[in-house]
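Structure, as structure tokens:
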Amino acid sequence: MSLKLGVIGTGAIGQDHIRRCSQTLLNSQVVAVTDINLQQAAKVVADLKLTAEVYPDGHALIKAPDVEAILVTSWGPSHEEFVLAAIAAGKPVFCEKPLAVTAEGCRKIVEAEVAHGKRLVQVGFMRPYDEGYRALKAVIDSGQIGEPLMLHCAHRNPSVGENYKTDMAITDTLIHELDVLRWLLADDYVSVQVVFPRKTSKALAHLRDPQIVLLETAKGTRIDVEVFVNCQYGYDIQCEVVGETGIAKLPEPSQVQLRSGAKLSNAILMDWKDRFIAAYDVELQAFIDGVRTGQVGGPSAWDGFAAAVAADACIQAQQSGQIVKVELPERPRFYG
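Counting from 1, position 29 in the sequence shown corresponds to residue 28 in numbering that gives the first Met the number 0; the numbering is continuous, with no gaps.
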């Protein structure tokens, strides 16, 4: 039997998830959708030829008896409300990042899930499902390069829009590294610092770009992440792990190598959706499979909370120029 899904939010990412759950993935059926723009929600249903009901709001969708699990892909500030409602209804919920727009909001979700007594929440951090990151983690966990001492990372975008602000380099961009690097190292952050190199002339006046974020973990590993969102040349994700006895590097996306015009070249992707499209498929299939077997896994509400706490510290470090402590409470036993 297919898992019957309700989707809250039919913007770009919501439409992508509806399409993959309806046309690409196994054992899932979208039976309900809603959006703040109900006409758009109805158009998505019609365009994808779905047999799905359009509900007036997220709460009505969550309460619908035929909806077995929820995908929250709406505007970020609405995530907390709908995830809490799904937990209250006892229904598994996949929530695109952010889990909530504040660490306090994430903490409330953690507390609600713990009180419920069973994991219901998976957060939409897709990088742990990327083939390259999984290969990199396998090398780290094998001990082949010894204990990780340093990580050198970069998150580069060709350009960003006018609405992109300096703090969004943390909350919209670095947030993926804040999650995946904790997962890679099985470690937590204890301090952060943000420094600003010479500003690129390609950035708008209100945006400080690039930035370098310096992180320290509980085990003493040092991490530097370059965030450069107007690099012009492509969408480029880098991660190099320096261990005691060797170095491991995140594989480049597979591309055809070209010999032409007296040049040897490899194309560089320009869009994040192309870079991680397979990971999106894998993460949602994992959610569907987990719900069907009664074991929701993947990035947890605690992981969403930990990333939010680290992000808050990074924004404070942006503003102060100082080293800022990351004060994460003890992990509840509920989350292992």
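We treat Cβ as the ideally placed atom computed from N, Cα and C, and that holds for glycine.
1) Counting pairs of Cβ atoms below 8 Å between the stretch 108-128 and the stretch 83-93, do you hit three or more?
2) Using the beta-carbon count (16 or more within 10 Å), is Glu326 buried or exposed?
3) Under the rule that 16 or more other beta-carbon atoms within 10 Å means buried, what is Ala300, buried or exposed?
4) Which residues in the same chain as Cys313 place their Cβ atom closer than 7 Å to its Cβ, once the five residues preceding and following it in sequence are excluded?
5) So, for Trp271: in the same chain, excluding its five sequence neighbours on each side, which residues have a beta-carbon less than 7 Å away from its beta-carbon?
6) Tell me the start and end of each unbroken beta strand (DSSP E) in the stretch 70-124 that is at least 3 residues and wholly inside, in chain order.
7) Can you tell me whether Leu344 is buried or exposed, with buried defined as 16 or more other CB within 10 angstroms of its CB?
8) For my contact list, Glu239 and Leu148 are in at a C-beta cut-off of 8 Å; report their separation, rounded to the angstrom.
9) Is it right to say Ala40 is buried, meaning 16 or more other beta carbons lie within 10 angstroms of its own, or is it exposed?
10) What three-state label does DSSP hand His58 in the structure shown?
11) Since Thr72 contacts Gly5 with CB under 8 Å, what's their CB separation in whole angstroms?
12) Is Gln210 helix, strand or coil when you go by DSSP?
13) According to DSSP, which residues form a beta bridge with Ala31?
14) Apart from the five residues just before and just after Lys198, which ones in its own chain have a Cβ nearer than 7 Å to its Cβ?
15) Which residues mark the beginning and the end of the alpha helix (DSSP H) in which Asp178 is found?
16) Which residue marks the beginning of the alpha helix (DSSP H) containing Ala316, and which one marks its end?
17) The ligand PLP and Ile17: does any heavy atom of the ligand fall closer than 6 Å to the residue's C-beta?
18) Out of Ala185, Val43, Asp223 and Arg274, state which residue places its alpha-carbon closest to the alpha-carbon of Pro250.
19) When the Cα of Val224 is compared with those of Ile246, His151, Lys107 and Ile139, which residue comes out closest?
20) Please report the residue range of the alpha helix (DSSP H) in which Asp280 lies.
21) Straight-line CA distance for Gly303 to Arg19?
22) Using CA atoms only, rank isn't needed, just tell me which of Val295, Pro331 and Gln284 is closest to Ile17.
23) In the DSSP assignment, find the unbroken beta strand (DSSP E) run with Phe248 in it and report its ends.
24) Leu98: buried (16+ other C-beta within 10 angstroms of its C-beta) or exposed?
25) Below 6 Å CB to CB, which residues in the same chain sit around Tyr128 once its five sequence neighbours on both sides are set aside?
26) Among Val241, Thr165 and Glu161, which residue has its Cα nearest to the Cα of Gly142?
27) Taking DSSP as the reference, what is the three-state secondary structure of His154?
28) How far does the alpha helix (DSSP H) with Ser200 in it reach, from first residue to last?
29) When the Cα of Ile222 is compared with those of Ile276, Thr165 and Ala153, which residue comes out closest?
This is what the structure gives:
1) Cβ pair count under 8 Å is three or more, so yes.
2) What you label residue 326 is simply residue 327 of the sequence shown in a count that begins at 1. Glu326 is exposed by the Cβ-count criterion.
3) Start at 1 with the first residue of the sequence shown, and residue 300 comes out as number 301. Counting the other Cβ atoms within 10 Å of the Cβ of Ala300 gives 16 or more, which makes it buried.
4) Looking up residue 313 in the sequence shown gives position 314. Taking C-beta separations shorter than 7 Å and ignoring five residues to either side along the sequence, the partners of Cys313 in its chain run Ile169, Leu173, Val191, Val193 and Val212, following chain order.
5) Counted from its first residue, the sequence shown places residue 271 at position 272. So the qualifying residues of the chain are Tyr234.
6) The qualifying runs are 92-95 and 120-123.
7) The first residue shown for the chain is 0 and the last is 335, placing residue 344 beyond what the model contains.
8) Numbered from its first residue, the sequence shown carries residue 239 at position 240. Numbered from its first residue, the sequence shown carries residue 148 at position 149. The C-beta separation of Glu239 from Leu148 comes to about 12 Å, leaving the pair out of contact by the 8 Å criterion.
9) Residue 40 sits at position 41 when you count from the first residue of the sequence shown. Ala40 comes out buried.
10) If you number the sequence shown from 1, residue 58 lands on position 59. Note: His58 maps to helix in three-state DSSP.
11) Start at 1 with the first residue of the sequence shown, and residue 72 comes out as number 73. Start at 1 with the first residue of the sequence shown, and residue 5 comes out as number 6. Thr72 to Gly5, Cβ: 11 Å. No contact.
12) The residue labelled residue 210 in the question sits at position 211 within the sequence shown. In the three-state DSSP reduction, Gln210 falls in the strand class (E or B).
13) Here the question's residue 31 lines up with position 32 in the sequence shown. DSSP output for Ala31 lists Gly5 and Glu52 as bridge partner(s).
14) By one-based count along the sequence shown, residue 198 stands at place 199. Closer than 7 Å at Cβ, skipping near neighbours: Arg207 and Asp208.
15) Residue numbering aside, residue 178 sits at position 179 when the sequence shown is read from its first letter. Note, Asp178: alpha helix (DSSP H), Ile174 to Leu184.
16) Start at 1 with the first residue of the sequence shown, and residue 316 comes out as number 317. For Ala316, the enclosing alpha helix (DSSP H) covers residues Ala300 to Ser319.
17) You won't find the ligand PLP in this model; it holds no ligand whatsoever.
18) Counting from 1 along the sequence shown, the entry for residue 250 is found at position 251. With distances taken between Cα atoms, Pro250 lies closest to Arg274.
19) As a first step, residue 224 must be located in the sequence shown, where it is residue number 225. Nearest option by C-alpha distance: His151.
20) Locating residue 280 in the sequence shown gives position 281, where the first residue counts as 1. That run of the alpha helix (DSSP H) goes Ile276 to Thr292.
21) In the sequence shown, the residue the question calls residue 303 occupies position 304. In the sequence shown, the residue the question calls residue 19 occupies position 20. The straight-line gap from Cα to Cα measures roughly 24 Å.
22) Locating residue 17 in the sequence shown gives position 18, where the first residue counts as 1. The candidate whose alpha carbon is nearest that of Ile17 is Gln284.
23) In the sequence shown, counting from the first residue as 1, residue 248 sits at position 249. The amino acid at residue 248 is misidentified as Phe; the sequence shows Lys. It spans Ile246 to Lys248 - the beta strand (DSSP E) in which Lys248 sits, taken as one unbroken run.
24) If you number the sequence shown from 1, residue 98 lands on position 99. Residue environment: Leu98 is assigned as buried (16 or more neighbouring CB atoms within 10 Å of its CB, all protein chains considered).
25) The residue given as residue 128 occupies position 129 in the sequence shown. Here the set comprises Ala278, Val281 and Glu282.
26) Walking along the sequence shown from the start, residue 142 turns up at place 143. For the options Val241, Thr165 and Glu161, the alpha carbon positioned closest to that of Gly142 is the one of Val241.
27) Counting from 1 along the sequence shown, the entry for residue 154 is found at position 155. Judged by DSSP in its simplified three-state form, His154 adopts strand.
28) Within the sequence shown, the letter at position 201 stands for residue 200. It is not in any alpha helix (DSSP H) - Ser200 carries neither H nor E in the DSSP assignment.
29) On the sequence shown, position 223 is the one that residue 222 refers to. Selected option, being the one with the closest Cα: Ala153.
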